[in-house]
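In terms of this note's numbering, the sequence shown is residues 599 to 895. All C-beta atoms, glycine included, are put in the ideal place defined by N, C-alpha and C. These notes concern the structure reproduced below.
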Amino acid sequence: MSIKKILVSQPRPTSEKSPYFDLEKKYGVEIVFRPFIKVEGLSSKEFRQSKINVPDYSAIILTARTAIDHFFRLCKELRYNVPDTLKYFCVSETIAHYLQKYVIYRKRKIFYSETGLMEDLIPIIAKHHKETYLMPVSDVHNDKAVVLDNNKVKYVKAVMYRTVSNDFKPGETLDYDMLVFFTPAGIKSYTTNFPDYKERNVVIAAMGQTTLEAAAQAGIRVDVTVSHETPSMAGAIEQYLKKMRAEEEKEERKAAREAAKIEKARQLEAAKRSAAAKKAAATRKAKAEAAAKAPKK
Numbered sequence: 599m600s601i602k603k604i605l606v607s608q609p610r611p612t613s614e615k616s617p618y619f620d621l622e623k624k625y626g627v628e629i630v631f632r633p634f635i636k637v638e639g640l641s642s643k644e645f646r647q648s649k650i651n652v653p654d655y656s657a658i659i660l661t662a663r664t665a666i667d668h669f670f671r672l673c674k675e676l677r678y679n680v681p682d683t684l685k686y687f688c689v690s691e692t693i694a695h696y697l698q699k700y701v702i703y704r705k706r707k708i709f710y711s712e713t714g715l716m717e718d719l720i721p722i723i724a725k726h727h728k729e730t731y732l733m734p735v736s737d738v739h740n741d742k743a744v745v746l747d748n749n750k751v752k753y754v755k756a757v758m759y760r761t762v763s764n765d766f767k768p769g770e771t772l773d774y775d776m777l778v779f780f781t782p783a784g785i786k787s788y789t790t791n792f793p794d795y796k797e798r799n800v801v802i803a804a805m806g807q808t809t810l811e812a813a814a815q816a817g818i819r820v821d822v823t824v825s826h827e828t829p830s831m832a833g834a835i836e837q838y839l840k841k842m843r844a845e846e847e848k849e850e851r852k853a854a855r856e857a858a859k860i861e862k863a864r865q866l867e868a869a870k871r872s873a874a875a876k877k878a879a880a881t882r883k884a885k886a887e888a889a890a891k892a893p894k895k
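Written out as structure tokens, the structure is:
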């Protein structure tokens with residue numbers, strides 16, 4: 599299947615250096631950014647019901663820019679002045695740099711995974727085992743929390759925002775060759791807004807174990823996902839596009855060989871017909887000449 603148009607269910611990147619834009623240029627595809635879900639922050643009143651006291655924690659585990667936004671928003675609403683001593687443990691360098699929106703980066707104790715994988719953040723957290731960790735999350739937890747649990751990291755999850763379906767308009771079309779999902783809520787929104795999803799001939803990309811599980815439960819086949827070799831979704835999509843391009847080029851070469859074979863056979867047949875026609879003409883000419891030379895009775 600040729601991929602020409604891709605929907606990425608996230609907001610459009612703010613930086614023009616996004617790898618998604620590189621994919622557009624390199625592979626000639628159109629990428630549209632349209633979230634299937636939207637985020638709503640919990641109010642300070644709702645958050646207080648969790649009985650979590652933010653000042654009790656000396657370190658924050660951050661897995662998304664959304665988590666950063668809502669952590670600092672709630673701290674402001676709770677009238678809590680975030681201390682300079684607070685440590686930040688980020689799942690990627692990109693998320694770590696996003697902290698500059700709220701703190702002076704060079705003056706803070708900020709740590710991050712070089713690979714963008716939670717598994718590679720664990721050794722860093724282990725070196726700071728005396729810290730008390732808080733992890734801002736959505737009401738739908740992702741698989742990054744599972745990694746912490748499996749490695750026996752002592753932390754507390756703090757639900758600071760929720761995800762809800764970003765409904766599509768009635769009759770709105772979804773004319774894409776590939777759909778890219780990052781959360782179970784995105785999968786749910788897709789199946790709710792487009793109940794004929796099983797009949798749609800579309801490539802599905804999904805990131806995260808819980809997202810993959812949600813897709814499997816909905817009967818959706820996932821064609822593209824991240825791996826240790828391609829830990830980013832943009833990288834996984836590029837590998838798929840590269841594979842598809844290679845297959846298309848292989849089919850084109852095969853078709854070209856078949857066309858050349860047919861053309862050669864056509865030319866050979868044409869040559870045979872031409873030779874036969876020439877032979878017949880020569881025979882007719884010879885007969886005519888012989889008849890002309892024959893004595894008349």
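Continuous alpha helix (DSSP H) stretch holding residue i: start and end
i    : result
M842 : M831 to K891
V744 : K742 to N748
Q807 : Q807 to Q815
I720 : I720 to A724
Whole-angstrom distance between residue j and residue i, CA atom to CA atom
i    : j    : result
L777 : K602 : 12 Å
D711 : K728 : Here residue 711 turns out to be Ser, not Asp, going by the sequence shown. In a straight line, the C-alpha of S711 is about 19 Å away from that of K728.
Q807 : P609 : 21 Å
K840 : K852 : 18 Å
E770 : P611 : 24 Å
N749 : S648 : 25 Å
A914 : D620 : In this structure the chain extends from 599 to 895, so residue 914 is not present and cannot be described.
A662 : K624 : 28 Å
I835 : A844 : 14 Å
E811 : I708 : 32 Å
K891 : A879 : 18 Å
M758 : S641 : 8 Å
D794 : V822 : 21 Å
P896 : E887 : Nothing in the structure corresponds to residue 896, since the chain is present only between 599 and 895.
A622 : S613 : Reading the sequence as shown, one finds Glu at residue 622 and not Ala. Taking the straight line joining both Cα atoms gives about 15 Å.
A863 : A873 : 15 Å
G639 : P734 : 11 Å
T781 : L660 : 16 Å
R798 : M716 : 34 Å
A854 : L866 : 18 Å
S825 : I702 : 33 Å
H695 : V689 : 11 Å
R704 : I693 : 15 Å
For residue i, three-class secondary structure by DSSP
i    : result
F619 : helix
S648 : coil
I601 : coil
Y788 : helix
Y774 : coil
A657 : strand
I635 : strand
Beta-carbon proximity list for residue i, same chain, < 6 Å, skipping 5 on both sides
i    : result
P617 : A832
A783 : I635, V738 and T761
Y700 : F670
L732 : Y655, I658, V754 and A756
A724 : none
V680 : C673
T730 : Y655 and S656
K767 : none
Terminal residues of the beta strand (DSSP E) in which residue i lies
i    : result
T761 : Y753 to S763
A803 : V801 to A804
E927 : Here the chain has residues from 599 to 895 only, and residue 927 is not among them.
P734 : Y731 to S736
I708 : K707 to Y710
Nonlocal neighbours in the same chain, by C-beta distance under 7 Å from residue i, ignoring five residues either side
i    : result
D765 : N791
I650 : V754 and A756
I629 : I604, V606, Y618, L621 and E622
F645 : L672 and M758
Close Cβ partners of residue i (< 8 Å) along its chain, the five nearest in sequence each way excluded
i    : result
F779 : S607, F634, I785, Y788, I802, A803, A804, M805, T809 and A813
D775 : M599, S600, I601, K602, K603, I604, V800 and V801
G817 : K796
V652 : L672, C673, L676, Y678, L732 and A756
Unbroken alpha helix (DSSP H) runs of length 4 or more, entirely within the stretch 661-702: which are they? Segments of the alpha helix (DSSP H) lying fully in the stretch 661-702: 663-675 and 691-696.
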